[in-house]
Structures are given as C-alpha cells and as structure tokens.
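Visitor: The structure under discussion is supplied below as structure tokens; questions concerning it will follow.
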Amino acid sequence: MLVLDGKIASAAVKASLLEQTTALKAAGKRTPHLAAILVGNNGASETYVASKVKNCEETGFGSSLYRFEETVSEQELLAKIEELNKDKNVDGILVQLPLPKHIDDAKVIEAIHPNKDVDGFHPSNVGRLVQGLNSFIPATPYGVLLMLEYFNIPTKGKNAVVIGRSNIVGRPMSVLLSADHPQGNATVTCCHRYTPKEDLIAACKNADILVVAVGIPEFVTADMIKPGAVIIDVGITRVEDATAKKGFRIKGDVNYEQAITKASAVTPVPGGVGLMTIAGLLMNTMKAYEGKFYHN
Ligand code: NAD
C-alpha cells in the first residue's frame, strides 16, 4: 500500500518553484505575487489563508493579505478587487470562501480578472477548462492532478468515480479526469447527494480511482472500495474532540484505517490533498506571472 503523501509531492512542486524564483531574483526581476482577501474570522479560513501566505514566503513569492470585518459591504470588497486587478505587481488574487451571507460569492468571483483568477473559479476559466482550452484549474483538482503525476498513477482507460459535484472540487475534478491529457482519459462517473446509495456503492466498488469530496467524515468505508483502488480523500472536516489540543480533529471523507486494508494507494488526511491544493495555487500564481494559462 502506497501512502500518497502530500508533504512529499508538494515539496517537489515547491522546490521547482523556488528554483524559478531564485533565478528571477538573481536576474534582478520581481517574483510572482499573490494577493489574498480574508473576510471575518472563521477559524478554518484563517488557517487556510495563513498557510497560503507562509507557502508563498517559502517559495520566494510575494504575498499580501487584505483583511475585512465580517460587516464589510459588497461594494467595498469589489472596489478592493478592482484595485488589485489594476495593480501590475499583483499576479494572482484569491478571495477566501465562504463569504458572509450578505455578499454574493458569484459576483465577487466574477469581479476578479480572469488572468488573475488563480483559484480558477471565474466562469470564463471554467468554460475554457470544460472546452479543453488553456485555463487556470481550480487549485484542489489541480493539486490532485499534480499528486497523480508525482506518484505516476495511471488514469488512461481507468474507471474513475468522483463523489461530489461542487464548483470548486467535484465538478472540475470529474471534467479533468475525463479530459484528454496525461492525468485524464478515464471513464468518469460523478455521484452526488441524489445518487441512490445503492448506485453510489455499486459505482465505488467498480472504481479504479475514487475521489471523495462530500464533507462527511468517513463516508467511504472498506466495503465500498475495489481491491487495489487508488483513493483520493479531499474531505476536511473539523470534528470536536475534547482530548485534542485544539478541541477538534481533522477528519477526511474516507475511513483511512479501513481503506489501507483494501486500496493500493490512499491520501492521508491531514497531509494529503490539502497540501497539494496549496501547490496548485502556487503553480497557478506562477502561470499568472508568466502570462500563460495551464496547458493540457
Ligand atoms: P460542498 O458541500 O460544496 O459539496 C459537497 C458535495 O457532496 C455536493 O456536490 C453534494 O451533492 C455531495 N454530497 C453530499 N452528501 C452526499 C451523499 N450523501 N452522497 C453523495 N454525495 C453527497 O463541498 P466542497 O466544497 O466540494 O468540499 C467537500 C469536502 O472537501 C469538504 O470536507 C471540504 O472541507 C473539503 N475540501 C478540501 C479541500 C482541500 O484542499 N483538501 C479543498 C476544498 C474542499
């Protein structure tokens, strides 16, 4: 059984990016710059943004963090995005989701210039991705592709099942696994909340590659796993635990202890896809800096 260790795979991506930024600095050039916007003080969002900023520093990228109170108006947020769109020293803009209820997520995402949309959520990038054109790839599915590439996991002609159809993970993931590129060309089934449980279990039992992004801790159990399957666990849920130092533990969507008894490869949580998501974001920011989109 192979542990698909996100620490190892993301370190390789980051080492290559650091090499590039070191060369840029040596040539007296500026390096890629990521601007992050954080609204309110949701604990998980704080952790994600802090980690993104730290990873920028570690790879020689510049970064700036703009914090807004929970009560910020939509207009104020859009004005900041407009300012960052125009700023020639900013290559990538990310707005940490979720936003407070009074702010329209879709409007905010559409305000980001598609050439700086390093999260890959802008409809223009999503449309290009679906058509197989150069585009930013949403960071989490991109991270999964980088993980598959690093560990040489074949996908061509394989049966892949994606559970979840969100705009940020499940849907782009299922499009990418079926698209014509080295980490694609699989036959893909996308399951969601309206897939009857017996159909979902039958699909999973036949999956050579199973990507799980539902947000329900330990949703996938051993009986749902095909022997020898590759399991990619995207789920991250904080589960209360009084014995843990922080009062909670991070749980994935897959029962890891059970999965390792049947699968050929599994991503741990934490230490798997989460770290690859940051690698995907950094890759997108470098591509934005270079003025090129992702090439299939
Ligand atoms: P979401 O809530 O937007 O989507 C969940 C999806 O699961 C939906 O499409 C829904 O149809 C499906 N679903 C819900 N219940 C189901 C059921 N019983 N059977 C089948 N499908 C069901 O969530 P999301 O934003 O896609 O995130 C999913 C998980 O991934 C969460 O735990 C989230 O925290 C995590 N996540 C992790 C990363 C990372 O970097 N590792 C990044 C993004 C999200």
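Following this note's numbering, the numbering of the sequence shown begins with 254 at its first residue and continues without gaps. Built from N, CA and C at the ideal position, the CB exists for glycine as well.
Would you mind sorting H375 into buried or exposed? The rule is 16 or more other CB atoms within 10 Å of its CB.
Guide: buried
Visitor: Say the cut is 6 Å; is the CB of R491 nearer than that to a heavy atom of ligand 1?
Guide: Every heavy atom of ligand 1 is 6 Å or more from the Cβ of R491, so no.
Visitor: Measuring only from the beta carbon, is V487 closer than 6 Å to any heavy atom that is part of ligand 1?
Guide: yes
Visitor: For V256, which residues from the same chain have a beta carbon less than 7 Å from its beta carbon, with the 5 sequence-adjacent residues on both sides left out?
Guide: V519 and P521
Visitor: Tell me the DSSP secondary structure of R424 in three-state form.
Guide: helix
Visitor: Does DSSP put T514 in a helix, in a strand, or in coil?
Guide: coil
Visitor: So T550 packs on G468, CB below 8 Å; how close in whole Å?
Guide: Lying before the first or after the last residue shown, residue 550 is absent from the chain, which here runs from 254 to 549.
Visitor: Within this structure, are the beta carbons of G345 and V371 separated by less than 7 Å?
Guide: yes
Visitor: Three-state secondary structure (DSSP) at T490?
Guide: strand
Visitor: Tell me whether the stretch 453 to 466 and the stretch 267 to 275 touch, counting them as touching only if at least three CB pairs, one residue from each stretch, are closer than 8 Å.
Guide: no
Visitor: Going by DSSP, which residues form a beta bridge with H286?
Guide: G315
Visitor: Is DSSP giving T408 helix, strand or coil here?
Guide: T408 falls in the coil class under three-state DSSP.
Visitor: Is the stretch 379 to 395 in contact with the stretch 323 to 334, if contact means three or more CB pairs nearer than 8 Å?
Guide: Judged by Cβ distances under 8 Å, the stretch 379 to 395 makes no contact with the stretch 323 to 334, as fewer than three pairs qualify.
Visitor: Under 7 Å between the Cβ atoms of G315 and H286?
Guide: yes
Visitor: Can you round the beta-carbon distance between V473 and D452 to whole angstroms, since I take them to be within the 8 Å contact cut?
Guide: In fact, because the Cβ distance is near 15 Å, the residues do not count as touching under 8 Å.
Visitor: Please report the Cβ distance between Y395 and N308, rounded to the nearest whole angstrom; I am assuming they are in contact, meaning their Cβ atoms lie under 8 Å.
Guide: At roughly 14 Å, the Cβ-Cβ gap does not stay under 8 Å, so Y395 and N308 are not in contact.
Visitor: Can you name the start and end residues of the alpha helix (DSSP H) that P383 belongs to?
Guide: Note that residue 383 is Val in the sequence shown, not Pro. DSSP places V383 in the uninterrupted alpha helix (DSSP H) bounded by P376 to V383.
Visitor: In terms of DSSP beta bridges, what is L463 paired with?
Guide: In the DSSP output, where bridge partners are listed per residue, L463 has V414 and I484.
Visitor: If we ignore side chains and look at the alpha-carbon of each, how far apart do L398 and Q436 end up?
Guide: 6 Å
Visitor: With a threshold of 16 other CB atoms inside 10 Å of the CB of G527, please say whether the residue is buried or exposed.
Guide: buried
Visitor: Looking at the unbroken alpha helix (DSSP H) that takes in T275, where does it start and where does it end?
Guide: G259 to A279
Visitor: In three-state DSSP terms, what is Y301?
Guide: helix
Visitor: Measuring straight from C-alpha to C-alpha, what distance separates A280 and T274?
Guide: 10 Å
Visitor: Can you list, in chain order, the residues of its chain with a C-beta nearer than 8 Å to that of A262? Leave out the 5 residues immediately preceding and following it.
Guide: L399, M400, Y403, F404, L528, M529 and A532
Visitor: Over the uninterrupted alpha helix (DSSP H) stretch that includes T530, give me the two end residues.
Guide: The continuous alpha helix (DSSP H) containing T530 extends over residues V526 to E543.
Visitor: Going by the CB atoms, is the gap between A364 and I334 shorter than 7 Å?
Guide: yes
Visitor: Please classify Y542: is it buried, with 16 or more other beta-carbons within 10 angstroms of its beta-carbon, or exposed?
Guide: buried
Visitor: Out of curiosity, what's the CA-to-CA distance linking S377 and P367?
Guide: 7 Å
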